[in-house]
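Each residue of the sequence shown is one higher than the one before, counting from 1 in full-length UniProt numbering. Backbone N, C-alpha and C fix where the C-beta goes; we use that ideal spot for every residue, glycine too. The next block holds one structure in the form of structure tokens; read it before the comments.
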Amino acid sequence: MGKTLEVATDRAFDNRAGVIPREMAKGVFINGALGAQATKTLHLMIDHAAGRMGNDCWHEMHLRDIRKVTGMRNHDLGSLRDMIHEIAATSFSFEVDLSDSRRKEGIGTFLDGGELVYDREDEGNLTVRWHFGIVFRTLALESNHWAILDRQAFYAMTSKYSLALFQQISAMVRMKHVTSCTYEVTDLRQIMGVAPGKVTRWADFNRDALKPALAEISQLTRFEVSARFIKAGRRIEKVVIEWTEKPDLTKVKAEQDRPKVGRKARRDGTAETVALAFPASGSVKGVQPWDKIARNNAPLIDGRHVPDLRVLSDTFRKWCAEKSIPLDAASIEKSFTTWCKSYSAR
Numbered sequence: 001m002g003k004t005l006e007v008a009t010d011r012a013f014d015n016r017a018g019v020i021p022r023e024m025a026k027g028v029f030i031n032g033a034l035g036a037q038a039t040k041t042l043h044l045m046i047d048h049a050a051g052r053m054g055n056d057c058w059h060e061m062h063l064r065d066i067r068k069v070t071g072m073r074n075h076d077l078g079s080l081r082d083m084i085h086e087i088a089a090t091s092f093s094f095e096v097d098l099s100d101s102r103r104k105e106g107i108g109t110f111l112d113g114g115e116l117v118y119d120r121e122d123e124g125n126l127t128v129r130w131h132f133g134i135v136f137r138t139l140a141l142e143s144n145h146w147a148i149l150d151r152q153a154f155y156a157m158t159s160k161y162s163l164a165l166f167q168q169i170s171a172m173v174r175m176k177h178v179t180s181c182t183y184e185v186t187d188l189r190q191i192m193g194v195a196p197g198k199v200t201r202w203a204d205f206n207r208d209a210l211k212p213a214l215a216e217i218s219q220l221t222r223f224e225v226s227a228r229f230i231k232a233g234r235r236i237e238k239v240v241i242e243w244t245e246k247p248d249l250t251k252v253k254a255e256q257d258r259p260k261v262g263r264k265a266r267r268d269g270t271a272e273t274v275a276l277a278f279p280a281s282g283s284v285k286g287v288q289p290w291d292k293i294a295r296n297n298a299p300l301i302d303g304r305h306v307p308d309l310r311v312l313s314d315t316f317r318k319w320c321a322e323k324s325i326p327l328d329a330a331s332i333e334k335s336f337t338t339w340c341k342s343y344s345a346r
């Protein structure tokens, strides 16, 4: 067993970090990249398997456990069916140096197959089962180099370009004195998962893929990321991605804990400062961002049903009154999010 699986086994119960082979993090997609939700689903599978990711066996996870992950879509049978189809249909490529003169290129799929097992009359009682592909399993077994991903940051990101670039940076952070990497523009496009024939002009790629990815990574992770360009005449030939680790993560953690609603505006500096207040009466059903916070964070009843949002709302207001917390306090969003995670319908 390679060192990567040893590290993954040691960190199997660490909810803060996920471990993947560094070769995977630096690999590329062959027939079109996974979308953001499929990428997160694949990583959730790998996180769940941990040190068993190289095993020739089936893995399984219940829908309730998927829904607990902040930043994941509120999946159901239909959306998970789409995710499994997308992951199983995607091929990837990675390279491993066998010696100073020999190199191996692995080409394959992440999954050999997947299954969705559910009750006909209750699709919420759903178990996802999957079998990793032989190329990925072999990579996991042989890998001696790993990348550690901040799970909260990873699942908080919404762009597939951000996720792919974040993987790349995470793969190199453990390499001493490495704080930048230089890419040919064509290589960077492939690494970030830009589909062939899409955003082909440099100006479009820079505006629609690269800049948003750099901004999202800088907002949600411990890295401050930037890019500088190397020209050949008037043409951009290479891109240097540079990163530094932030000394203070207070703002990062605060942003990760906030709902993603308005995140882009906050990142771009265009958000208006509006004082949020929890509704003084009634249910939060359909009232954003409170409805979404409750559904994403409050434990399901019997693992299936969302709690009564009217009762939940009244209980939270009572709790605030007991704690002398104003419903329009500056941190009311964070207070409600934290409170919902430990809510128990009584």
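Between the stretch 185-201 and the stretch 156-173, the count of Cβ pairs shorter than 8 Å is three or higher; the stretches touch. Between V135 and E23, the C-beta spacing is not below 8 Å.
Where Y118 is concerned, there is no enclosing alpha helix (DSSP H), although the beta strand (DSSP E) around it starts and stops at L111 to D119. Looking at L141, S170 and L139, the one whose alpha-carbon comes closest to that of D150 is S170. With a beta-carbon spacing of about 7 Å, R67 and H75 fall inside the 8 Å limit used to define contacts. Scanning E123, W58 and I236 for the CA closest to the CA of G303 turns up E123. Segment contact: the stretch 284-297 against the stretch 242-262, three or more CB-CB distances shorter than 8 Å; contact assigned. Here DSSP, grouped into helix, strand and coil, assigns R222 to coil. In this structure, the straight-line span from the alpha carbon of F92 to that of M192 is close to 13 Å. Going by DSSP, L98 is part of no alpha helix (DSSP H) at all; its letter is neither H nor E. Per the Cβ contact rule, the stretch 174-184 is not in contact with the stretch 25-35 (fewer than 3 Cβ pairs under 8 Å). Beyond the five residues adjoining it in sequence on each side, R267 comes within less than 6 Å, by CB distance, of A215 and Q219 in the same chain, given in chain order. Three or more Cβ pairs closer than 8 Å define a contact, and the stretch 80-94 meets that threshold against the stretch 30-40.
The three-state reading of DSSP puts D328 in coil, since its state is none of H, G, I, E or B. Judged by beta-carbon spacing, V128 lies beyond the 8 Å limit of M72, meaning their Cβ atoms are not closer than that value. DSSP places A298 outside any alpha helix (DSSP H), giving it a letter other than H or E. Per DSSP, the beta bridge partners of I148 are V19.
Across the set G106, W130, V19 and R102, the C-alpha of W130 shows the shortest separation from the C-alpha of L80. By the Cβ-count criterion, D47 is buried, with 16 or more other Cβ atoms from all chains shown falling within 10 Å of its own Cβ. In the structure shown, the three-state DSSP call for W290 is helix. Restricting attention to T9, D82, R11 and D10, the CA atom closest to the CA of L42 is found in D82. A distance below 8 Å between beta-carbons, with the five flanking residues on each side excluded, links L5 to the following residues of its chain, in chain order: G51, M53, G54, A140, L141 and S143.
Under the DSSP assignment, T250 falls in the alpha helix (DSSP H) whose first and last residues are T250 to D257. In this structure, the beta-carbon distance from L116 to F132 does not fall below 8 Å. Here the C-alpha atom of T221 lies approximately 12 Å from the C-alpha atom of A213. Burial is judged here by how many other beta carbons sit within 10 angstroms of a residue's own beta carbon; T244 has fewer than 16 and is exposed. Between T9 and R310, the alpha-carbon positions lie close to 42 Å from each other. Of P279, S101, E105 and L327, the smallest CA-CA separation from T138 is found for E105.
Residue burial is scored here from C-beta neighbours: L44 has at least 16 other C-beta atoms within 10 angstroms and is therefore classed as buried.
Exposure of K323 is indicated by the presence of fewer than 16 other C-beta atoms within 10 angstroms of its C-beta.
In the structure shown, S180 adopts extended strand secondary structure according to DSSP, grouped into three states. Taking the CA atoms as reference points, W339 sits about 23 Å from F154. By the 16-neighbour rule on beta-carbons within 10 angstroms, A330 is exposed.
Around the beta carbon of G114, a 10 Å sphere encloses 16 or more other beta carbons of the protein chains shown; the residue is thus reported as buried.
Secondary structure of H75 (DSSP, three-state): coil.
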